[in-house]
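Structure first, then comments.
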Amino acid sequence: QQQVKQSPQSLIVQKGGISIINCAYENTAFDYFPWYQQFPGKGPALLIAIRPDVSEKKEGRFTISFNKSAKQFSLHIMDSQPGDSATYFCAASNPNTGNQFYFGTGTSLTVIP
Amino acid sequence: KAGVTQTPRYLIKTRGQQVTLSCSPISGHRSVSWYQQTPGQGLQFLFEYFSETQRNKGNFPGRFSGRQFSNSRSEMNVSTLELGDSALYLCASSFPTGASYNEQFFGPGTRLTVL
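Those sequence lines, one after another, are chains A and B.
Under my numbering, residues 21 to 133 are what the first sequence spells out, in order.
Under my numbering, residues 1499 to 1613 are what the second sequence spells out, in order.
What follows is the structure, encoded as structure tokens:
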């Protein structure tokens, strides 16, 4: 049972465009929502994270939008660059289970020059 | 500071065999988590070790086990390998801060292929 559902599975965006990846969850006990970026042959690396007490967090070209009532959160990559081509995972964690993170199934992003 | 290291990077085994994977966390990190990554399933949590004790366990059969040593290095073992165990096994370490969330730093993974 996938506790965090992620879409789309793959995404192709033109350079300079906006990439949007969406995630949804059911467990209202989740209180930390990170996004990870993974390049081929590498482990995932933390990109940006948000807690449910804010609706948006921005770091450079990357923004998380969080909708607590809808139990959804999304990653927006502004001015997408070819170097952003990677697999992106959303995740969530529950304070009762410490470092046990629940991951989405991933989105393969390709940015075309 | 060196990152999380995992050995070996690649393994090929046959059904029924057992395998041991190793993870060395970032210096000073005491928590080590293991994940299984497969296409279409994303990352699935296996277990977490902290101070040589298993703190959390995911929904995997008992064939999957792990341990942590006093220097925080961790190993995971899979016995009686099945074809479905073919996956990338990722190790992540974190420095516990007492918060409900701690940034996890992932290693490059061990690619296990079961024939």
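All residues carry an ideal CB built from backbone N, CA and C; glycine is no exception.
Find the nearest neighbour of F1558(B) within the set W1532(B), P1537(B), F1567(B), judged by alpha-carbon distance. W1532(B)
For N116(A), name the three-state secondary structure that DSSP assigns. helix
By alpha-carbon positions, which one of A1500(B), I1524(B), E1550(B), S1520(B) ends up nearest to L1468(B)? In the structure displayed, chain B extends from 1499 to 1613; residue 1468(B) sits before or after that span and is not available.
Should N1600(B) go down as buried or exposed, given a rule of 16 or more other Cβ atoms within 10 Å for buried? buried
Just verifying my parser: in three-state terms, what is the DSSP assignment at G1540(B)? strand
Give a yes or no on whether 8 Å exceeds the smallest Cβ distance from R1571(B) to chain A. no
Span separating the alpha-carbon of L1588(B) from that of S89(A): 33 Å
Could you name the residues of chain B that P64(A) contacts, counting a contact when the two beta carbons are closer than 7 Å? F1604
Which residues in chain A sit within 7 Å of S1529(B), going by Cβ to Cβ distance? N119
Top-ranked residue by Cα proximity to D1583(B), from H1527(B), V1530(B), F1562(B): F1562(B)
Taking 8 Å as the cut-off, does the stretch 101 to 117 of chain A touch the stretch 24 to 40 of chain A (at least 3 CB pairs, one atom from each stretch)? yes
Mind checking if S1592(B) is an interface residue toward chain A, Cβ cutoff 8 Å exclusive? yes
Would you please verify whether the beta carbon of G36(A) is less than 8 Å from any beta carbon of chain B? no
Check the Cβ of Q1566(B) against every Cβ in chain A and list those closer than 7 Å, keeping chain order. Ordered by position in chain A, no residue passes the 7 Å Cβ test against Q1566(B), which lies about 13 Å from the chain.
Is F1543(B) near G63(A), with beta carbons less than 8 Å apart? no
Using alpha carbons as the reference points, say which of H1527(B), T1608(B), Y1508(B), G1514(B) lies closest to F1567(B). H1527(B)
Nearest-angstrom beta carbon gap, S1572(B) and G1560(B) [assumed within contact, 8 Å]: Between S1572(B) and G1560(B) the Cβ distance is about 18 Å, and since that is not below 8 Å, they are no contact.
Going by C-alpha distance, which of L66(A), P60(A), I70(A), V131(A) is nearest F50(A)? I70(A)
Distance cutoff 8 Å, beta carbons only. Does T130(A) sit that close to anything in chain B? no
Would you say G80(A) reaches chain B, if we count a Cβ-Cβ gap shorter than 8 Å as a contact? no
Between L95(A) and L31(A), is the Cβ-Cβ spacing less than 8 Å? no
Is it right to say N119(A) is buried, meaning 16 or more other beta carbons lie within 10 angstroms of its own, or is it exposed? buried
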